[in-house]
Amino acid sequence: MKRDDSYAAVLRRKNEIMKTSVGIDYSRYETGSIGFDYERMMEDTGYDLARIRDIQKKHGVGSTPLKELSNMTALVRRIAAQKKGARIFIKDEAQNDSGSFKARRASIACHRAKELGFAGVIAATSGNYGAAVASQAAKYGLKCIVIQECYDGRGVGQPEIIEKARACEAYGAEVVQLSVGPELFYTFLSLLETTGYFNASLYTPFGVAGVETLGAELVEDCLAATGRLPDCVVVTNAGGGNLTGTARGILKTTKTHVPIVAASVNLKGLHMASDHDFNRKSFTTGHTGFGMPFMTNPDRSDVPRSAARPLRYADRYVTVNQGEVFFVTEALTILEGIERGPAGNVSLAAALSLARTMDEDQVIVVQETEYTGAGKHHQAQLSFARSHGVEIRFGNPEEEIPGKSIILPERVDLIRAVDLDLDKIRVSSIKNQVKDHTRIERSDFAYLVAETNATADFVRRALTDLGVAWEE
Ligand SMILES: Cc1ncc(COP(=O)(O)O)c(C=O)c1O
Numbered sequence: 269m270k271r272d273d274s275y276a277a278v279l280r281r282k283n284e285i286m287k288t289s290v291g292i293d294y295s296r297y298e299t300g301s302i303g304f305d306y307e308r309m310m311e312d313t314g315y316d317l318a319r320i321r322d323i324q325k326k327h328g329v330g331s332t333p334l335k336e337l338s339n340m341t342a343l344v345r346r347i348a349a350q351k352k353g354a355r356i357f358i359k360d361e362a363q364n365d366s367g368s369f370k371a372r373r374a375s376i377a378c379h380r381a382k383e384l385g386f387a388g389v390i391a392a393t394s395g396n397y398g399a400a401v402a403s404q405a406a407k408y409g410l411k412c413i414v415i416q417e418c419y420d421g422r423g424v425g426q427p428e429i430i431e432k433a434r435a436c437e438a439y440g441a442e443v444v445q446l447s448v449g450p451e452l453f454y455t456f457l458s459l460l461e462t463t464g465y466f467n468a469s470l471y472t473p474f475g476v477a478g479v480e481t482l483g484a485e486l487v488e489d490c491l492a493a494t495g496r497l498p499d500c501v502v503v504t505n506a507g508g509g510n511l512t513g514t515a516r517g518i519l520k521t522t523k524t525h526v527p528i529v530a531a532s533v534n535l536k537g538l539h540m541a542s543d544h545d546f547n548r549k550s551f552t553t554g555h556t557g558f559g560m561p562f563m564t565n566p567d568r569s570d571v572p573r574s575a576a577r578p579l580r581y582a583d584r585y586v587t588v589n590q591g592e593v594f595f596v597t598e599a600l601t602i603l604e605g606i607e608r609g610p611a612g613n614v615s616l617a618a619a620l621s622l623a624r625t626m627d628e629d630q631v632i633v634v635q636e637t638e639y640t641g642a643g644k645h646h647q648a649q650l651s652f653a654r655s656h657g658v659e660i661r662f663g664n665p666e667e668e669i670p671g672k673s674i675i676l677p678e679r680v681d682l683i684r685a686v687d688l689d690l691d692k693i694r695v696s697s698i699k700n701q702v703k704d705h706t707r708i709e710r711s712d713f714a715y716l717v718a719e720t721n722a723t724a725d726f727v728r729r730a731l732t733d734l735g736v737a738w739e740e
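Numbering (the working numbering), first residue to last: 269 to 740.
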């Protein structure tokens, strides 16, 4: 009988397709009525930190340099109070093959695919991950398909995503380019089913475990360079794998708590699924359009349970504006002679603001950079934004309205990381997870405490307010 490949039929077969294509039976980890055993899922990858390091070393990934940004630090000290202005360091992740930390994720996904005997890998991503998977697949002799959402309804491509398509093709991948809309997931499932390739999702335990080496290296590099642990690590946040993997790697390397700050570009008011807004964003990742929904509901990705769970690890969550990041991208180039891409510099913009209030003997680590060039370059993005009617000027970035204006700071002291209320985010997370439940079980309660990185009392209060009964 011929297989039914209609939209509805393919989506109905979703669980089977996932199980076959990723080699994980996610139902094994389900506990209670809402929870699941996250740590067991991570452990079951079967790769410990030492093994991951070894795999990465052999495949052009990791061991990136941690660089001190002395001129950026000097700039901050000019606007800071006396004895304030922490030393700023940056982990130069652009030096991974394929130009970003995403190589760490792709390396373990491709290694796993090869180990399980798959002929190829598929990833649905418009970002650096596509290039990373394509590059690693090339090393492993695997076929590679990357599915992107890159055009608006008029067929105009976002320059940054088009550049990623170029990179994927250069590494030998086949790129399927779609416009904004719901067909991405359907195309992804259909291709997994038709080809029998491995699902190299960003959100599997393999991918996130691959980022743990970044956290471990960062601790070791910082100790070697300064004799102390970082007083703060700033992480550009979107789907949350960057933060989760880095934090887990830090926790595996030191017993001392290292504060983790998530940073995203503020794209408030722009809608991710809107055709109109698609090309009015000058950032394709590292922004709140991904950061907020994925932090409050991580299981919205392309696997049943996401291994990226940033709310478990973030101590603070701050936003910066598009103009601030473009300004800092230019400053990094001019002051430090390091030309790097936009998403990686989101955390650098936040760090500039945070370093100002820290003591001058303290150390702040920006945990990544990414490559730049062509459509990824900030000048290309600014021209593209202008051609879409976005106003670009110098002024106070506080006045920026995403989609309408990009305001480059007229003075460095106007760069301000703005704190989001993590407790509000915790309540949203609990609300999302208990949706459709009037009672949850004992294991669910413990799961919510871990999931929100909150106290039992905090979770009790939230459940009471939501009218949900629980056991402890
Ligand atoms: C260079 C860079 N930095 C940060 C991020 C955000 O990572 P995550 O989605 O894991 O939060 C991305 C993801 O697209 C990226 O490509």
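Even for Gly, the Cβ is constructed at its ideal location relative to N, Cα and C. Fair warning: this is a prediction, and the values are worked out from it, not measured in the lab.
Use the C-beta contact count for residue i: other C-beta atoms within 10 angstroms, 16 or more gives buried, fewer gives exposed.
{"i": "tyrosine 275", "result": "exposed"}
{"i": "methionine 560", "result": "buried"}
{"i": "lysine 326", "result": "exposed"}
{"i": "histidine 539", "result": "exposed"}
{"i": "histidine 646", "result": "buried"}
{"i": "glutamate 740", "result": "exposed"}
{"i": "serine 375", "result": "buried"}
{"i": "serine 366", "result": "buried"}
{"i": "glycine 517", "result": "buried"}
{"i": "glutamine 701", "result": "buried"}
{"i": "glycine 643", "result": "buried"}
{"i": "leucine 616", "result": "buried"}
{"i": "threonine 211", "result": "Residue 211 lies beyond the residue range present for the chain, which begins at 269 and ends at 740; the question has no answer from this structure."}
{"i": "glycine 353", "result": "buried"}
{"i": "glycine 489", "result": "Note that residue 489 corresponds to aspartate in the displayed sequence, not to glycine. Aspartate 489 should be labelled buried."}
{"i": "asparagine 283", "result": "exposed"}
{"i": "alanine 342", "result": "exposed"}
{"i": "arginine 355", "result": "buried"}
{"i": "threonine 597", "result": "buried"}
{"i": "serine 331", "result": "exposed"}
{"i": "valine 686", "result": "exposed"}
I'd like to check one pair, residue j with residue i: are the Cβ atoms closer than 8 angstroms?
{"i": "glycine 224", "j": "glutamate 480", "result": "There is simply no residue 224 to check, as the chain begins at 269 and stops at 740 in what is shown."}
{"i": "leucine 497", "j": "threonine 524", "result": "yes"}
{"i": "alanine 433", "j": "glutamine 445", "result": "yes"}
{"i": "glycine 554", "j": "threonine 504", "result": "yes"}
{"i": "phenylalanine 470", "j": "arginine 380", "result": "Before going on, a small fix: residue 470 reads as leucine here, not phenylalanine. In this structure, arginine 380 does not lie closer than 8 angstroms to leucine 470 by Cβ."}
{"i": "glycine 591", "j": "leucine 688", "result": "no"}
{"i": "glycine 291", "j": "leucine 384", "result": "yes"}
{"i": "proline 427", "j": "phenylalanine 652", "result": "yes"}
{"i": "arginine 624", "j": "isoleucine 347", "result": "yes"}
{"i": "alanine 377", "j": "leucine 410", "result": "no"}
Rounded C-beta distance between residue i and residue j? I'm assuming under 8 angstroms.
{"i": "proline 333", "j": "asparagine 534", "result": "Between asparagine 534 and proline 333 the Cβ distance is about 30 angstroms, and since that is not below 8 angstroms, they are no contact."}
{"i": "isoleucine 693", "j": "threonine 564", "result": "6 angstroms"}
{"i": "aspartate 712", "j": "serine 301", "result": "6 angstroms"}
{"i": "serine 621", "j": "isoleucine 683", "result": "5 angstroms"}
{"i": "serine 697", "j": "leucine 579", "result": "6 angstroms"}
{"i": "methionine 309", "j": "arginine 573", "result": "7 angstroms"}
{"i": "isoleucine 320", "j": "alanine 477", "result": "6 angstroms"}
{"i": "alanine 484", "j": "threonine 521", "result": "4 angstroms"}
{"i": "leucine 482", "j": "lysine 359", "result": "7 angstroms"}
State the DSSP-derived secondary structure class of residue i, mapped to helix, strand or coil.
{"i": "phenylalanine 595", "result": "helix"}
{"i": "valine 571", "result": "coil"}
{"i": "glutamate 666", "result": "helix"}
{"i": "serine 382", "result": "The sequence shown places lysine at residue 382, rather than the serine named in the question. The answer is helix: DSSP assigns lysine 382 an H, G or I state."}
{"i": "threonine 637", "result": "coil"}
{"i": "glutamine 630", "result": "coil"}
{"i": "threonine 587", "result": "strand"}
{"i": "leucine 446", "result": "strand"}
{"i": "glycine 464", "result": "coil"}
{"i": "alanine 387", "result": "coil"}
{"i": "threonine 504", "result": "strand"}
{"i": "arginine 346", "result": "helix"}
{"i": "aspartate 687", "result": "strand"}
{"i": "serine 550", "result": "coil"}
{"i": "proline 677", "result": "strand"}
{"i": "histidine 525", "result": "coil"}
{"i": "arginine 661", "result": "strand"}
{"i": "isoleucine 320", "result": "helix"}
{"i": "arginine 608", "result": "coil"}
{"i": "glycine 425", "result": "strand"}
{"i": "glutamate 740", "result": "coil"}
{"i": "tyrosine 581", "result": "coil"}
{"i": "phenylalanine 369", "result": "coil"}
For ligand 2, any of its heavy atoms closer than 7 angstroms to the Cβ of residue i?
{"i": "asparagine 364", "result": "With respect to small molecules bound, the structure shown includes ligand 1 and not ligand 2."}
Determine, using beta-carbon pairs with one atom in the region 397 to 405 and one in the region 440 to 454, whether at least three such pairs fall under 8 angstroms. Taking one beta carbon from each stretch, the region 397 to 405 and the region 440 to 454 have 3 or more pairs nearer than 8 angstroms; the two touch.
Touch check for the region 628 to 635 and the region 598 to 611: three-plus C-beta pairs under 8 angstroms? no
contact_flag[the region 456 to 471, the region 421 to 441] where n(CB pairs < 8 angstroms) is 3 or more: They do not touch, by the three-pair rule.
Pair every Cβ in the region 648 to 665 with every Cβ in the region 382 to 392, then say whether three or more of these pairs are closer than 8 angstroms. no
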